[in-house]
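Okay, structure first, notes after.
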Amino acid sequence: MQKYKDIGLKLTPQRLAILDFLDGNMDHPSADDIYKAVSVRYPTMSFATVYNTLDSLREKGYITELTIDPAKKRFDPCTKMHHHLICTSCKRVHDIHADFLLELPEQVKGDFRVTGNHIEFYGLCPTCDKGHERRI
Ligand SMILES: [Zn+2]
Ligand SMILES: [Zn+2]
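Whatever position you read off the sequence shown (first residue = 1), add 9 for this note's numbering.
Encoded structure:
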């Protein structure tokens, strides 16, 4: 709990449960996933509480909001710059912590000072790929 001390939010048990769920979570859960997981322990918690907490955490830079899934916003507690490998079938998202040397051509970049990038790789995870083969 010490680690959440500086987060600048009033730490209610519900919020702590949300933070605990997110801590080290690599599933890139949606607000709905988080709500479902945390409401097991806090059945009276409203979806709005989850949503507002996520919004505050995002504003303060503790989590990143991902727009990789058009159907729903997903959240990433890993705010270190990284890339994503996305299964288009089961929507699982894997983190890729690697640097790719991507240079924008001068005529594209102009005076823009590029400080980062986020690459999304799409495809089929091994599980979905196997299922796909079976169907054919
Ligand atoms: Zn998959
Ligand atoms: Zn990620």
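Where a beta carbon is used, it is the ideal one built from N, C-alpha and C, also for glycine.
*From this set, Ser48, His127 and Gly70, which residue's C-alpha is nearest Thr76's C-alpha?*
Just measuring C-alpha positions, the residue of Ser48, His127 and Gly70 sitting nearest Thr76 is His127.
*Val117 lies in the alpha helix (DSSP H); which residues open and close that run?*
Residues Glu115 to Lys118.
*asked:* Assuming Tyr131 and Ile105 are in contact, meaning their beta carbons sit under 8 angstroms apart, how far apart are those beta carbons, in whole angstroms?
replied: Taking the Cβ atoms as the reference, Tyr131 lies roughly 13 angstroms from Ile105, outside the contact range of under 8 angstroms.
*Tell me whether Arg83 counts as near ligand 1, meaning its Cβ is closer than 8 angstroms to at least one heavy atom of that ligand.*
Not one heavy atom of ligand 1 lies closer than 8 angstroms to the C-beta of Arg83.
*For the alpha helix (DSSP H) that contains Phe30, what are its first and last residues?*
Start and end: Pro22 to Leu31.
*How long is the line joining the alpha carbons of Val117 and Pro52, rounded to whole angstroms?*
Their backbone Cα atoms lie some 51 angstroms apart in a straight line.
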